[in-house]
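Notes to accompany the following structure.
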Amino acid sequence: MEEMKEKGMGKIGILLVIVIIITIVGTGFTLVFAEKETLKISGSTTVRPLARKWRNEFMKENPNIRISVKGGGSGQGVSDVKGGLSNIGMSSSKTLVTKENDLVLHLMAYDAILLIVNEKNPILNILKENGIKQSTLQKIYSGKTTNWKDIPGIERNQTLFNYKRSDKSGTGEVFAGFLRMTQGELEGIGVHGNLGIKEAIISNKWGIGFVGAKYAFDNSIEVIPLDGNNDGEITDYERIENFNDLTSDIENYPIQRGLYFATKGEPTGMTGTFMEWCKNEGQSYISEIGYVPITGSR
Numbered sequence: 008m009e010e011m012k013e014k015g016m017g018k019i020g021i022l023l024v025i026v027i028i029i030t031i032v033g034t035g036f037t038l039v040f041a042e043k044e045t046l047k048i049s050g051s052t053t054v055r056p057l058a059r060k061w062r063n064e065f066m067k068e069n070p071n072i073r074i075s076v077k078g079g080g081s082g083q084g085v086s087d088v089k090g091g092l093s094n095i096g097m098s099s100s101k102t103l104v105t106k107e108n109d110l111v112l113h114l115m116a117y118d119a120i121l122l123i124v125n126e127k128n129p130i131l132n133i134l135k136e137n138g139i140k141q142s143t144l145q146k147i148y149s150g151k152t153t154n155w156k157d158i159p160g161i162e163r164n165q166t167l168f169n170y171k172r173s174d175k176s177g178t179g180e181v182f183a184g185f186l187r188m189t190q191g192e193l194e195g196i197g198v199h200g201n202l203g204i205k206e207a208i209i210s211n212k213w214g215i216g217f218v219g220a221k222y223a224f225d226n227s228i229e230v231i232p233l234d235g236n237n238d239g240e241i242t243d244y245e246r247i248e249n250f251n252d253l254t255s256d257i258e259n260y261p262i263q264r265g266l267y268f269a270t271k272g273e274p275t276g277m278t279g280t281f282m283e284w285c286k287n288e289g290q291s292y293i294s295e296i297g298y299v300p301i302t303g304s305r
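Counting along the sequence shown from 1, when you hit position 55 you're at 62 in the numbering used here, and nothing is skipped either side.
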C-alpha cells in the first residue's frame, strides 16, 4: 500500500513539474515570440532612403513595432496603398496621389531634380559655365537633338546619349512636366530608378540624365546648371555646386518638388503615430539623407 502511495505521489510530482515547465515555457514563448505590429510602406525610390531612415530611428524608440519599406516606384506605392497592400504609399509625384479620390496626400519633405553628366565629360567646363536651357532639354528629350554640337556654344561633334526613367516614376513625371511633356513622350535610353541613371552616367562620359538630389552629389558625376527661364544667364539659384546651395533657396530652383506619403483616408493608429513622428522629430534626419525638411524651408 505504501509503495502504491509513493508511486502515486511520484506521478503527482511529475505532473506538477510538467505543469510548471509548460507554464514557464509557455510564458517564455509568449515573451519571446510576441507578435509585433507591422507597418507596410512601399513606392517611390526617391522617398525610400528617407523612409528607411525614419523606420530605423522610430523602431529604436518603439521596439514592438515592425516597419517594412520597399521600393517599386511612385505608381506602385499608390497602387499598393489603394489596394490595401501597404499602409503608406511613397510618392515623389503629387498628381499620382491627388487623382485618386480615396487617398490622402501628406507632404513630408522637399527634393529637387538635377541634371547630371560624367565628371570626365570633355566639354564639362563649357557645360558648367553656360548651363543648359530648358528649350535645349526639350529638344534632347524629344529626340530632335542627338549630337553635342547641336547644343548652343558647343562645337564637339559627338553622339549625345540621354537617359530617362524606364519605370513609372515621380521623378520622370516632374522632369517631363518641366519640359511641358508627359513621361511617356520622353525620348532616350530607359533605365530603372535614380540609381540606374546615375550608374549609366558614370559609365558613359558622353551621357546626360536627371536624378533626385539624393543621387546628384558624387565624385564621379557633375551637376549642370539649368537655365529654367531660357534667358541665357545662370543665376545663383540655378547654379548648384553642393547640397547647401540647394537647401538655401530650394523654392526658386527650376525643378523642385515635394516628397509625399499617401494613405487611404486619414491615418489612424500606428500609421498616424508614425507619420506624426516623421513630421516632427523625424524632420531632423532629412538633411543627412539629402533632402530638405518641410520645417526648415522658406
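Ideal Cβ positions, reconstructed from N, Cα and C, are used throughout, including at glycine.
Output needed for residue i: all residues of its chain with C-beta closer than 6 Å, excluding positions within five of it in sequence on either side, in chain order.
{"i": "Pro232", "result": "Gly138, Ile241, Glu245, Arg246"}
{"i": "Leu122", "result": "Phe217, Ile231, Leu233"}
{"i": "Val299", "result": "Tyr117, Thr254, Ile257"}
{"i": "Gln141", "result": "Gly235, Asn237"}
{"i": "Ser100", "result": "Ser81, Gly177, Glu180"}
{"i": "Gly289", "result": "Trp61"}
{"i": "Pro159", "result": "none"}
{"i": "Leu193", "result": "Tyr148, Lys171, Ala183"}
{"i": "Gln165", "result": "Trp155, Trp213"}
I'd like to confirm the pairing. Which residues does DSSP put opposite residue i in its beta bridges?
{"i": "Gly197", "result": "Lys171"}
{"i": "Val124", "result": "Ile215, Glu229"}
{"i": "Lys140", "result": "Asp234"}
{"i": "Pro56", "result": "BP columns for Pro56 are empty, so no partner."}
{"i": "Thr270", "result": "Val111"}
{"i": "Ala220", "result": "Bridge partners of Ala220: none, in fact."}
{"i": "Asp118", "result": "Arg264"}
{"i": "Arg163", "result": "Looking at the DSSP assignment, Arg163 forms no beta bridge with any residue, so it has no partner."}
{"i": "Val299", "result": "Tyr117"}
How would you label residue i, buried or exposed, when you count the other beta carbons within 10 angstroms and need 16 or more for buried?
{"i": "Asp87", "result": "buried"}
{"i": "Ser255", "result": "exposed"}
{"i": "Arg264", "result": "buried"}
{"i": "Ala41", "result": "Low confidence applies here, because Ala41 scores a pLDDT of 43, under 50, leaving its location unreliable; read the following figure in that light. Under this definition Ala41 is an exposed residue."}
{"i": "Asp243", "result": "exposed"}
{"i": "Asp238", "result": "exposed"}
{"i": "Glu295", "result": "exposed"}
{"i": "Ser210", "result": "exposed"}
{"i": "Thr52", "result": "buried"}
{"i": "Gly214", "result": "buried"}
{"i": "Leu186", "result": "buried"}
{"i": "Lys221", "result": "buried"}
{"i": "Leu92", "result": "exposed"}
{"i": "Leu114", "result": "exposed"}
{"i": "Asn287", "result": "exposed"}
{"i": "Gly191", "result": "exposed"}
{"i": "Cys285", "result": "buried"}
{"i": "Glu67", "result": "Before going on, a small fix: residue 67 reads as Lys here, not Glu. When all chains shown are included, Lys67 counts as exposed."}
{"i": "Lys151", "result": "exposed"}
{"i": "Asn169", "result": "buried"}
{"i": "Thr143", "result": "buried"}
{"i": "Gly279", "result": "exposed"}
{"i": "Asn132", "result": "exposed"}
Please state whether DSSP places residue i in a helix, a strand or coil.
{"i": "Ile204", "result": "helix"}
{"i": "Gly78", "result": "strand"}
{"i": "Ser294", "result": "helix"}
{"i": "Arg264", "result": "strand"}
{"i": "Ser86", "result": "helix"}
{"i": "Leu186", "result": "coil"}
{"i": "Leu46", "result": "strand"}
{"i": "Gly96", "result": "strand"}
{"i": "Thr152", "result": "coil"}
{"i": "Arg62", "result": "helix"}
{"i": "Thr105", "result": "helix"}
{"i": "Ile72", "result": "strand"}
{"i": "Asn287", "result": "coil"}
{"i": "Ile130", "result": "coil"}
{"i": "Ile158", "result": "coil"}
Please list, in chain order, all residues of the same chain as residue i whose beta carbon is under 7 Å from its beta carbon, the five residues on each side excluded.
{"i": "Ala58", "result": "Ile48, Val76, Met97"}
{"i": "Val104", "result": "Val85, Ser98, Leu110, Leu112, Tyr267, Ala269"}
{"i": "Gly5", "result": "Only positions 8 to 305 of the chain appear in the structure, and residue 5 is not among them; the question remains open."}
{"i": "Met277", "result": "Glu44, Leu46, Ile72"}
{"i": "Thr30", "result": "Any reading at Thr30 must be qualified, since the residue scores a pLDDT of 43, below 50, and its modelled position is unreliable; the value itself is stated next. No residues qualify anywhere along the chain."}
{"i": "Asn63", "result": "none"}
{"i": "Ala119", "result": "Ala220, Leu253, Ile257, Tyr260, Ile262, Gln263"}
By Cβ distance below 8 Å, which residues in the same chain neighbour residue i in space, the five residues on each side in sequence not counted?
{"i": "Lys89", "result": "Gly96, Glu107, Asp109, Leu110, Lys271"}
{"i": "Glu126", "result": "Asn226, Ser227, Ile228, Glu229"}
{"i": "Arg163", "result": "Pro129, Ile130, Trp155, Lys156"}
{"i": "Met4", "result": "Residue 4 cannot be examined here, being either before or after the span of the chain that is shown, 8 to 305."}
{"i": "Ser173", "result": "Gly197, Val198, His199, Gly203"}
{"i": "Asn259", "result": "Tyr244"}
{"i": "Pro56", "result": "Lys221, Ile296, Gly297"}
**Prompt:** What alpha helix (DSSP H) runs, 4 residues minimum, are completely inside the segment 222–262?
**Reply:** 250–255
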